[in-house]
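Letter by letter, the sequence shown follows residues 62 to 260 of this note's numbering.
Read the structure below first, then the notes.
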Amino acid sequence: MNIDLAINLWRTTPAPDQSLTPSQAELKKRQRRLAGQVRRRDWTEAIVGCICTAFFAYIALADVFGGMRWDWLAVAMGCGFVSAFMIRERVLVARVRQANTQPLVQSLENDLRAVERQIYLLRNVAWWYVLPIELPMLFVALTGPEFASIRALFITMGVVLALVIIALNRWVVRKTLLPQRKALIAALNDLREGLDSPT
């Protein structure tokens with residue numbers, strides 16, 4: 062058999078989990094666990110966001126405060142934006158969901174792309190998650206309570222919550238996602254070197 066044909070066949074032949082080395086199997090196991098955590102987080106936040114959207118829209122449109130409140134409607138729209146964003150992410154992930162019969166190199170490349178996407182999202186959480194909700198809430202706090210001390214308390218709580226969300230997401234990137242990305246890159250490089258070196 063021609064060696065180039067054999068290498069090409071090996072690259073494109075699906076690799077069942079039994080052919081993985083122990084380190085590759087552990088990497089795949091960690092990647093499946095991470096994907097499950099991300100999936101649960103996204104759907105939980107999307108559902109909670111939809112509930113919050115309906116609640117704040119009801120407050121804005123119902124005669125709860127004596128007429129329509131644009132500030133609460135803006136909060137509802139911010140929650141709706143975040144929910145739609147989470148659902149969009151789940152749809153994108155579902156499009157590239159891996160089949161168990163994918164070749165190992167392609168499977169690891171897809172895992173790497175998924176981890177890099179999560180790193181990007183968590184590093185930029187201030188723009189797509191915090192601001193769409195915090196800015197309308199800040200407006201509500203500025204126009205809401207009549208006492209300056211209560212306004213200051215609401216604003217301080219909002220800023221602290223935003224900073225905690227941003228810091229927590231960056232911590233997750235440093236502690237979980239960057240090491241996972243490094244391990245995936247190393248595994249891919251090892252596989253590619255093994256494929257490229259003639260035996």
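Ideal Cβ placement from N, Cα and C applies to all residues, glycine included.
All figures in this text were calculated on a predicted structure; none of them were measured in a lab.
| task | Mark Gly139 as exposed unless 16 or more other C-beta atoms lie within 10 angstroms of its C-beta, in which case mark it buried. | result | Here residue 139 is taken as the residue at index 78 of the sequence shown, counted from 1. Buried, since its Cβ has 16 or more Cβ neighbours within 10 Å.
| Three-state secondary structure (DSSP) of Asn171 | By 1-based counting over the sequence shown, the position of residue 171 is 110. Helix, per DSSP.
| field | Cβ contact check for the stretch 167-183 and the stretch 224-242: 3 or more pairs under 8 Å | value | yes
| request: Reducing DSSP to helix, strand and coil, say where Pro197 ends up. | output: Residue mapping note: residue 197 aligns to position 136 of the sequence shown, counting from 1. The answer is helix: DSSP assigns Pro197 an H, G or I state.
| said: What does the alpha-carbon distance come out to for the pair Leu134 and Arg178? | reply: As a working mapping, residue 134 is identified with position 73 in the sequence shown. As a working mapping, residue 178 is identified with position 117 in the sequence shown. Between Leu134 and Arg178, the C-alpha separation is close to 31 Å.
| request: Please look up how many angstroms separate the CB atoms of Val166 and Leu252, rounded, as I've assumed it's under 8 Å. | output: By 1-based counting over the sequence shown, the position of residue 166 is 105. By 1-based counting over the sequence shown, the position of residue 252 is 191. With a Cβ gap of about 5 Å, Val166 and Leu252 count as contacting.
| query | What's the C-alpha gap between Ile64 and Glu254? | reply | Start at 1 with the first residue of the sequence shown, and residue 64 comes out as number 3. Start at 1 with the first residue of the sequence shown, and residue 254 comes out as number 193. Low confidence applies to Ile64: its pLDDT is 49, below 50, so where it sits in the model is not reliable, and the reading given next is rough at best. So the alpha carbons of these two residues sit roughly 16 Å apart.
| query | Do you know how far the Cα of Ala187 is from the Cα of Ala213? | reply | Counting from one through the sequence shown, the residue named residue 213 turns up at place 152. Counting from one through the sequence shown, the residue named residue 187 turns up at place 126. Our two residues, Ala213 and Ala187, have alpha carbons roughly 21 Å apart in a direct line.
| Hey, quick one: how far does the alpha helix (DSSP H) through Asn185 stretch, first residue to last? | In the sequence shown, the residue the question calls residue 185 occupies position 124. Asn185 -> no alpha helix (DSSP H), and no H or E assigned at all.
| request: Return yes when the Cβ of Glu195 is within less than 9 Å of the Cβ of Leu8, no when it is not. | output: What the structure shows of the chain is the stretch from 62 to 260, and residue 8 is not part of that stretch, so it cannot be assessed.
| query | In chain order, what residues of the same chain lie with their CB nearer than 8 Å to the CB of Phe200, ignoring the 5 residues before and after it? | reply | For the purposes of this step, residue 200 is taken as the residue at position 139 of the sequence shown. Asp132, Ala135, listed in sequence order.
| said: To the nearest angstrom, how far is the alpha carbon of Ala137 from that of Leu88? | reply: As a first step, residue 137 is located in the sequence shown; it is residue number 76 there, counting from the start. As a first step, residue 88 is located in the sequence shown; it is residue number 27 there, counting from the start. Roughly 40 Å between the two C-alpha positions.
| query | If we ignore side chains and look at the alpha-carbon of each, how far apart do Thr217 and Gly97 end up? | reply | For the purposes of this step, residue 217 is taken as residue 156 along the sequence shown, with counting starting at 1. For the purposes of this step, residue 97 is taken as residue 36 along the sequence shown, with counting starting at 1. C-alpha separation (whole angstroms): 34 Å.
| task | Give me the Cβ distance between Arg151 and Asp103, rounded to the nearest whole Å; I'm assuming they're in contact under 8 Å. | result | Mapped onto the sequence shown, residue 151 falls at position 90. Mapped onto the sequence shown, residue 103 falls at position 42. Right, the Cβ-Cβ distance comes to about 5 Å (below 8 Å), so this counts as a contact.
| query | Over what stretch of residues does the alpha helix (DSSP H) that includes Gly97 continue unbroken? | reply | Along the sequence shown, read from residue 1 onward, the residue named residue 97 stands at position 36. 83-122 is the extent of the alpha helix (DSSP H) around Gly97.
| Which whole-angstrom value describes the C-beta separation of Ser144 and Thr114, a residue pair presumed to lie in contact below a C-beta threshold of 8 Å? | Position 83 of the sequence shown, counted from the first residue, corresponds to residue 144. Position 53 of the sequence shown, counted from the first residue, corresponds to residue 114. That belief holds up - the Cβ atoms of Ser144 and Thr114 are roughly 6 Å apart, short of 8 Å.
| query | Would Ala248 be called buried (16 or more neighbouring beta carbons within 10 Å of its own) or exposed? | reply | On the sequence shown, position 187 is the one that residue 248 refers to. Flag for Ala248 reads buried.
| task | State yes or no: is the C-beta of Ile148 within less than 9 Å of the C-beta of Ala123? | result | The sequence position of residue 148 within the sequence shown is 87, counting from 1. The sequence position of residue 123 within the sequence shown is 62, counting from 1. Taking 9 Å as the Cβ cut-off, Ile148 and Ala123 do not qualify as a contacting pair.
| request: Write down every uninterrupted run of the alpha helix (DSSP H) in the stretch 229-257 whose length is 4 residues or greater and which is fully enclosed by it, in chain order. | output: 239-257
| query | What is the rounded straight-line gap between the Cα of Arg93 and the Cα of Pro197? | reply | Position 32 of the sequence shown, counted from the first residue, corresponds to residue 93. Position 136 of the sequence shown, counted from the first residue, corresponds to residue 197. Taking the straight line from one Cα to the other gives about 37 Å.
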